[in-house]
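**Student:** Protein chains in written order, with my numbering: chain A, 131 to 568; chain B, 131 to 568.
2 protein chains.
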Amino acid sequence: MNTTATSAHETPVLNVGLLGAGTVGSQVAHVLLTRGDELALRSGVRLRLCGIAVRDTAAPRDVELPAELLTTDADAVIDAADVVVELTGGIEPTRKRVLRALQAGTSVITGNKALLAESGRQLQDAAGASGAQLSYEAAVAGAIPIVRPMRDSLAGDRVERFLGIMNGTTNFVLDQMDTTGAAFEDALAEAQRLGYAEADPTADVEGHDAAAKTAVLASLAFHSSYTIEDVHCEGITGVTAEDVAAAREAGYVIKLLSVGERCGDGVNLRVNPVMIPREHVLGGVHGAYNAVFVEAAAAGSLMFYGQGAGGEPTASAVLGDLVSAARAIALGAQGIPLADYAALPAVSMDDVTTRLAVTLAVTDRLGVLARLAQVFADHGVSISTMQQSEDPRVTGTSLLRLVTHSGRHADLMATVEALRSLPVVRDVVSVTPVETGE
Amino acid sequence: MNTTATSAHETPVLNVGLLGAGTVGSQVAHVLLTRGDELALRSGVRLRLCGIAVRDTAAPRDVELPAELLTTDADAVIDAADVVVELTGGIEPTRKRVLRALQAGTSVITGNKALLAESGRQLQDAAGASGAQLSYEAAVAGAIPIVRPMRDSLAGDRVERFLGIMNGTTNFVLDQMDTTGAAFEDALAEAQRLGYAEADPTADVEGHDAAAKTAVLASLAFHSSYTIEDVHCEGITGVTAEDVAAAREAGYVIKLLSVGERCGDGVNLRVNPVMIPREHVLGGVHGAYNAVFVEAAAAGSLMFYGQGAGGEPTASAVLGDLVSAARAIALGAQGIPLADYAALPAVSMDDVTTRLAVTLAVTDRLGVLARLAQVFADHGVSISTMQQSEDPRVTGTSLLRLVTHSGRHADLMATVEALRSLPVVRDVVSVTPVETGE
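1) Let me check understanding here. Comparing Cα to Cα, which of B:Gly-181, B:Pro-196 and B:Asp-192 lies closest to Ile-208 of chain B?
2) Which term fits Glu-565 of chain B, buried or exposed, when burial requires 16 or more other beta carbons within 10 angstroms of its beta carbon?
3) Rounded to the nearest angstrom, what separates Ala-329 of chain B and Ala-319 of chain B at their Cα positions?
4) Using beta-carbon positions only, say whether Thr-164 of chain A and Ala-183 of chain A come within less than 8 Å of one another.
5) Can you list, in chain order, the residues of its chain whose CB lies under 6 Å from that of Gly-537 of chain A, leaving out five sequence neighbours each side?
6) Can you tell me whether DSSP reads Ser-354 of chain A as helix, strand or coil?
7) Can you find the residues in the same chain that come closer than 6 Å, C-beta to C-beta, to Ala-138 of chain A, ignoring five residues on each side of it along the sequence?
8) If the cut is a Cβ gap below 7 Å, which residues of chain B does Glu-442 of chain A touch?
9) Please list, in chain order, all residues of the same chain as Gly-450 of chain A whose beta carbon is under 7 Å from its beta carbon, the five residues on each side excluded.
10) Could you tell me whether any Cβ in chain A is nearer than 8 Å to the Cβ of Glu-364 of chain B?
11) Got a sec? Which residues, its chain only, sit under 8 Å from Glu-140 of chain B by beta carbon, not counting five neighbours each side?
12) Compare the C-beta of Leu-452 of chain B with all C-beta atoms of chain A and state if any pair is closer than 8 Å.
13) Is there a C-beta anywhere in chain B that falls below 8 Å from the one on Glu-569 of chain A?
14) Taking DSSP as the reference, what is the three-state secondary structure of Leu-324 of chain A?
15) Distance cutoff 8 Å, beta carbons only. Does Leu-350 of chain B sit that close to anything in chain A?
16) Could you check the C-alpha separation between Leu-177 of chain B and Leu-530 of chain A for me, to the nearest Å?
17) Just verifying my parser: in three-state terms, what is the DSSP assignment at Ala-268 of chain A?
18) Within the same chain, show all residues whose beta-carbon is closer than 7 Å to that of Gly-225 of chain A, passing over the 5 residues directly before and after it, in chain order.
19) Using 8 Å as the limit for Cβ to Cβ distance, is Gln-322 of chain A near chain B?
20) Please confirm whether Glu-315 of chain B has its beta-carbon closer than 8 Å to some beta-carbon of chain A.
21) For the stretch 384–391 of chain B against the stretch 506–525 of chain B, do three or more pairs of beta-carbon atoms, one drawn from each stretch, fall closer than 8 Å, so that the two count as touching?
22) Run the proximity test for Arg-185 of chain B: is its beta-carbon closer than 7 Å to any non-hydrogen atom belonging to the ligand GTP?
23) For a contact meaning CB atoms closer than 9 Å, what does Ser-431 of chain B contact in chain A?
24) Can you grab the Cα-Cα spacing for the pair Thr-218 of chain A / Ser-349 of chain A, in whole Å?
25) Closer than 7 Å, Cβ to Cβ, to anything on chain B: give me those residues from the stretch 254–281 of chain A, in chain order.
26) Compute the beta-carbon to beta-carbon distance between Leu-149 of chain A and Leu-179 of chain A, rounded to the nearest angstrom, for a pair I have assumed lies under 8 Å.
27) Could you please give the first and the last residue of the uninterrupted alpha helix (DSSP H) stretch that includes His-539 of chain A?
28) Note the first and the last residue of the continuous alpha helix (DSSP H) segment covering Ser-536 of chain B.
29) Shorter than 8 Å from the beta carbon of Ala-473 of chain B to some beta carbon of chain A?
30) For Asp-494 of chain B, which residues from the same chain have a beta carbon less than 7 Å from its beta carbon, with the 5 sequence-adjacent residues on both sides left out?
31) Contact criterion: CB-CB distance below 8 Å. Does Ser-560 of chain B meet it with respect to chain A?
32) Would you mind reading off the limits of the beta strand (DSSP E) that contains Asp-557 of chain B?
33) According to DSSP, is Gly-576 of chain B part of a helix, a strand, or is it coil?
34) Mind pulling the chain B residues with CB within less than 8 Å of His-353 of chain A?
35) Would you decide whether Gln-157 of chain B is buried or exposed? Buried here means 16 or more other CB atoms lie within 10 Å of its CB.
36) DSSP state of Met-296 of chain B, grouped into three classes?
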C-alpha cells in the first residue's frame, strides 16, 4: 500500500486502478472523475483514478474518458494501484490479474460472478494470506445490497435458505409471457429489442448467470465454498405459453428461481423455472427487477428488492464497495478473511423435497385414470390436485394437469418416467416444480 | 483493547460486556453462551461474555443466565470489556455509560434509537476521537439490514429519499383496521392482547418511536446529523375507521410512513399517517412487518423488508454487529468515523410538496360547491378528484371527499383552514396526506 499523506491534516490519496471500461466501468470512471470531492468527504480518502486498462484504447465508449489514463497494460495499472476495480468479466486473463493484485496485498473490487463462482476460494485464500480485501457486491443482484448483509448483518444468525430472482433478463421474459401470453421466442425478441437481453442470450436463458450468482451467495450464506458445478441448473427455454397460462389459471406464476437451502447435512443449490403462488412476495417481482428472499433462524423472513442490472445500478454497488474499502484502508484495517468452516456439502436434487406440476397428454378412454393412479401409488407419491380437459391439439386425447404432494425429488421424477412409459400416455407435456414459499 | 492471544495460532479472546438482560439482552447472552464455537469460527475471535449489568440481579428473566455474570455495577462491566453491547434503553444513565466505553476506545453496539436520535452526534464524535466503533443495526427496523446498507452499500451513491414502515405496532393496528374495519381503540386492544403493543402504547401510536428511527436513518442517508426534534411527527390516534374505509374505497391504504427526502437545499423528515396506493410495494406490508423503500440516484429503487421487532430478530441484528465488530477488532481496524459533511438542514413541512385528501361535512344546498371551489382557486390549489355523498350522521349535510393536486404543504393547509371558516362547512372531518410513491 503506497498511500501518500504528507501531513496528518491532508486527506490521504488512494490510487484506483480500473480494469475494463464497458458500460459499468466507464460509469465508475465518470463518478470518480466528476464526484471526487464528495467521495473524499465520505471515505476520508481521495480516490485518484490512476489508470484504466482496456483492450483497445481507441474504441468508442459510453462516457468520454481522459486518453492519458487509458492503456492496454493491465499489469502496469494493477501495480500502480492501491485498490483495483475489475470490470472486464471473463475467467482468463482476469483471474491472473485479480490474483496478482491480491497477492501483492492490493484490495480488489469485482462484479465478476463467473470468476467468483469458479475460483472464489482461490481468490479468498489469496486475499486472506496478504490481508487484502475482496469485495463483490455488484456480482449478485446488481445494485441490491445482498452480499454485505449476508456476510455481515446475518453473521450472528443461521441462514436456513434463500430464494432469489437473480437474473433480470429471464424475469423480464417470463413476466412478458405472463402478462401478454406471448411465446418464449417472442418475449425474448422483445427483451432484446428493449436492451434487456443480449444478442446471444444463452448465459441468461440457460440459467448460467443465475447459477453463478447462486454459488457466490450460497458460499456466504452457508460458510462453505461452492462453485457453479455445485448448482443444479435448468434454463427457461422449455417454458411454453401453455405452461405459463396453466400456472396463471391455478393461481401461480412461473419464475426462474435461484435457491440455496439446507437439506439434511448439506445444502442444495438449484436454478430452475418453478411455479410460485402469485401472492408470494416473489410473485410480485415484475420486469427486469431482482429480489432475494432470505429465511434465517432468528431474523425470520427478510426480503431485498431492486434493480439487478444496468450500468448505473451496478456502478452504485461497485462504488459502495470502493468507498468502504477506501475507508478501511485509510484506517489501516486488513480485509476480513472469509472462513468456509462449515464446509456443508452440496447435495444433489435427488434428495430435495419438492412438489411437481405435471401436464400429461393421455388417451381419452375408460380406465386411464386408474392406470395413472396406480403408477403414483407404486412410487409412494400422492396427488394433491388434478384437472382434466380436452386436448385442443389432438382429438381423442385429454390433457391432465396434476400437482403432487411433497416428495423426494428423485421419487417424483421416477414417477414421471414411469408415466411416460405407459401406452396410454401420449406425451409428458411439461414438468414444473412448485415452490410454495413455506 | 486488552485482547489476549498467547500465541499466533490461538484464537484471540474478546471480552463482551452486556448492559441489560431484557428480552433482547437475554437472547444475545444465550447465543453467546451456547453458540460460542460457531461465532468464533465466523469472527476469528472467541467472544467471552464477561459480565451482564442489570438493575436487579434477582429479577426473573426469559432465559436463565449464570448468576456469577450478573451484577448491578455497569461501570465495572464496561471497564472489563473489549466491546460493550448496550440493550438497556433510555437516555440516562445510558448515555454516560456508552460515552464511558467509547472514550476508552471500547466499541459499542446498541439498539437504543432514542439515545441515538438525541445524542448520536456526541456519540459519533466520541467514537471518532478514540477509534472505537459504534454500531446500531438493531436501532432501525429490527432485524432488517438497513443501517449497514445505507452506510456502506450506498456510500458511493446519492440517496434521494426513503419511505419506511418502521414501527410494527402501528402497522399492525392500521392493518387490523384495514382488514377488519375495526375502530382504532379496538385494533389497539387486539394488538395489546397479542403482545404487539405495550400496556402504555404512547411511544408507538404517537409516532415517537418511528420519529427516532427516522432521525437515525436520515443522518446516515444524508450525511448530516439529525435529532428527533428535526422530525415532524404525527401519530395514528386520530385515524378513524371512516378514514380507513374511505381510503380503501379509493384504492388506498393508510400507513404510518417515515419519510426522509431532499427538499430544496435541505431535507424534510416526517412521520405521519398517509394514504398510499394499495398496489405500491409498501401497501403490501402487513401485520407487524417493517419495510424501507429507498430511492438512490444510481441504484434506483430498493426495498428492504422483514421483522421490525421481537427478541430473536433484534438479537440477530445485534449479533451481526457484534461479529463484524469482533472481526474488525481482531484485525486491528479502527472504527469508521461517520462524517456529517453535508450538513443538510432539516426543512419544515411547510415547503414539502404533497397532496391532501380532505373530507368535509358541508351544508347540502345550492352554491356550496362554487364557494368551496373559489377558496381553492384563491389559494392556487387545484382539485384532482371529488366525490359527494349524503352524510349518514346528519340530515341536510353532505360529505365531500376531495383529493388535491400536488402543492406546497403550507398552501394546502391554509386552504383547509380557509374552508373550515366557511359558514357552509360544518366540519373538516379528516385531512390525510397522499403519498403516491412516485
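C-beta: ideal position from N, C-alpha, C; glycine also. Computed from a prediction, not measured in an experiment: that's the story for all the values here.
**Tutor:** The relevant details are as follows:
1) B:Gly-181
2) buried
3) 9 Å
4) no
5) Val-511
6) coil
7) Caution applies to Ala-138 of chain A, whose pLDDT of 44 falls short of 50 and renders its modelled position unreliable; the model cannot decide the point.
8) Ala-428
9) Glu-267
10) no
11) none
12) yes
13) Because chain A in this structure spans residues 131 to 568, residue 569 of chain A falls outside the shown range and cannot be described.
14) coil
15) no
16) 58 Å
17) helix
18) At residue 225 of chain A the sequence reads Arg, which differs from the Gly that was named. Closer than 7 Å at the Cβ level, and outside the excluded window around Arg-225 of chain A, lie Leu-245 and Ser-249.
19) no
20) no
21) no
22) The model depicted lacks the ligand GTP and carries no ligand whatsoever.
23) Tyr-419, Tyr-435, Gly-436 and Gln-437
24) 23 Å
25) Glu-267, Ala-273, Ile-274, Pro-275, Arg-278 and Pro-279
26) Actually they do not touch by this definition, with Cβ atoms about 12 Å apart.
27) 539–550
28) That residue, Ser-536 of chain B, is in no alpha helix (DSSP H); it is neither H nor E in DSSP.
29) no
30) Gly-526, Thr-527 and Ser-528
31) no
32) 555–564
33) Lying outside 131 to 568, the shown extent of chain B, residue 576 of chain B is not represented and no answer is given.
34) Leu-171 and Arg-172
35) buried
36) coil
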